[in-house]
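So in this note's numbering, spot 174 of the sequence shown is number 185, and the numbers just go up one at a time.
Virtual Cβ for every residue (Gly too), placed ideally from N, Cα, C.
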Amino acid sequence: MTSLFFSTPVDIDVVLEDSDERQTVDVKLDKGRRERVPLYMDGESVKGAVTVRPKDGKRLEHTGIKVQFIGTIEMFFDRGNHYEFLSLVQELAAPGELQHPQTFPFNFKNIEKQYESYNGINVKLRYFVRVTVSRRMADVIREKDLWVYSYRMPPETNSPIKMDVGIEDCLHIEFEYSKSKYHLKDVIVGRIYFLLVRLKIKHMELSIIRRETTGSPPNQYNESETLVRFEIMDGSPSRGELAVCPLHLAP
C-alpha cells in the first residue's frame with residue numbers, strides 16, 4: 012500500500028544483451044498502447060544486466076535483490092488468477108545496503124520455452140524478466156517483456172481440403188485448397204467451382220479468421236477475430252465457372 016502514495020526510493024534498469032541488434036516484435040498493450048519487445052527463440056539463453064540506482068544519493072537498505080525469468084498465462088476475464096508455467100530465479104545480492112549505483116549481470120542459460128508468446132482477445136501468454144528489490148516496507152519491482160517464437164518441423168502429411176456448401180436447389184459451391192497446414196509466409200492456393208447458381212450473388216470474399224477458445228466448460232469462452240479479407244469476385248458467377256484464389260499470408 013505504501014508504494015501507491017510514495018515514490019520508490021530506487022530506480023531499476025534492465026538491459027538485455029544484444030538488444031540493439033536483436034529483431035523486435037510490435038506488441039499491443041492495454042489501452043491501445045504498443046511497444047516493441049525483443050524476440051527470442053525456444054532454447055535460447057536470456058542474459059543481460061540489472062542496474063540498481065538509489066535516488067538522490069540516499070542509502071538504500073534491502074533484504075535481497077533477485078532476478079526471475081517468468082512465463083505466465085493470463086486470463087483477462089479472471090484477472091486475479093495467473094497460471095505460472097515457468098519460473099527461474101537468480102539471487103543478485105544478499106541483504107545489505109546500497110548508496111551508489113550497482114550493476115549485476117545475469118544469465119538464464121538455454122531456457123526451454125515450450126509455448127509461443129500470444130496476445131489474444133481473452134488470454135495472454137507472456138514471458139518477462141522481473142527484478143525485485145526486497146525491503147521491509149514494500150518491495151520495488153521492475154519487469155521487462157520479451158517475445159518468443161518456437162519453430163517446429165513441418166508436418167509429414169499435409170492433405171488437401173475439399174468441401175461443399177450451398178442451398179438446396181439454389182446454390183452449390185465446391186471448395187478445394189491445396190493443403191490443410193500453412194506457415195506464416197505461405198500462400199493459400201485454392202479453387203472454387205460453381206456447380207449450381209440460381210441466386211444473384213453480389214460478391215464473394217475469402218476471410219482468415221482466428222478462433223480463440225479459453226477456459227473449460229462450463230466457463231469456456233469463444234472469440235473470433237477476422238485477420239484479413241480477400242475479395243474473390245464482384246458480381247454473380249455462372250454455372251461451371253472456376254475461381255482461383257491465391258492468398259499471400261505474409262504482407
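Item, Value
"For Q113, write down the residues that DSSP places opposite it in a beta bridge.", "V63"
"Looking only at its chain, what residues have a beta carbon closer than 6 Å to the beta carbon of K135, apart from the 5 residues adjacent to it on each side?", "E85"
"Here's a check: name, in chain order, each residue in its chain whose Cβ is nearer than 7 Å to the Cβ of D245, leaving out the five neighbours to either side.", "H214"
"By the DSSP assignment, the beta strand (DSSP E) with V3 in it spans what residues?", "Because the chain here runs from 12 to 262, residue 3 falls outside it and cannot be looked at."
"Would you kindly work out how many angstroms separate the C-alpha atoms of N133 and G68, rounded to a whole number?", "44 Å"
"State the start and end residues of the unbroken beta strand (DSSP E) segment that holds H93.", "H93 to A104"
"Does the beta-carbon of D22 have 16 or more other beta-carbons within 10 angstroms, so that it is buried, or is it exposed?", "exposed"
"Spell out the partners DSSP gives S227 in its beta bridges.", "N230"
"In the DSSP output, what is I81 paired with across the bridge?", "S98 and F139"
"Can you tell me whether G246 is helix, strand or coil according to DSSP?", "coil"
"In angstroms with no decimal places, state the Cα-to-Cα distance between L177 and P166.", "The sequence as given places Gly at residue 177; Leu does not occur at that position. Near 32 Å, if we compare the C-alpha coordinates of P166 and G177."
"Quick check on the burial criterion: 16 or more other C-beta atoms within 10 angstroms. Buried or exposed for L195?", "exposed"
"Taking its Cβ as the centre, do 16 or more other Cβ atoms sit within 10 Å of R163, making it buried, or is it exposed?", "exposed"
"Suppose you measure from the CA of S161 to the CA of G54; what does that come to, to the nearest Å?", "9 Å"
"Looking at the secondary structure, which residues open and close the beta strand (DSSP E) in which P49 lies?", "R45 to M52"
"Hey, how far is the Cα of R153 from the Cα of H259?", "40 Å"
"Using alpha carbons as the reference points, say which of A60, V57, D31 and K66 lies closest to Q110.", "K66"
"Take D150 and list the residues in its own chain whose beta-carbon comes closer than 7 Å to its own, dropping the five residues that flank it on each side.", "T143 and V144"
"Can you give me the C-alpha to C-alpha distance between H93 and Q113, rounded to a whole angstrom?", "32 Å"
"Just list the residues that DSSP pairs I152 with in beta bridges.", "T143"
"Roughly how many whole angstroms lie between the Cα atoms of N121 and Y193?", "28 Å"
"Can you look up K39 in the DSSP assignment and give me helix, strand or coil?", "strand"
"Taking its Cβ as the centre, do 16 or more other Cβ atoms sit within 10 Å of L15, making it buried, or is it exposed?", "The predicted position of L15 is uncertain, since its pLDDT is 44 and thus under 50; a value taken from the coordinates is nonetheless stated next. When all chains shown are included, L15 counts as exposed."
"Compute the Euclidean distance between the alpha carbons of V57 and L103, then round it to the nearest angstrom.", "15 Å"
"Measuring CA to CA, which of M174, E242, E223 and D24 is closest to Y232?", "E223"
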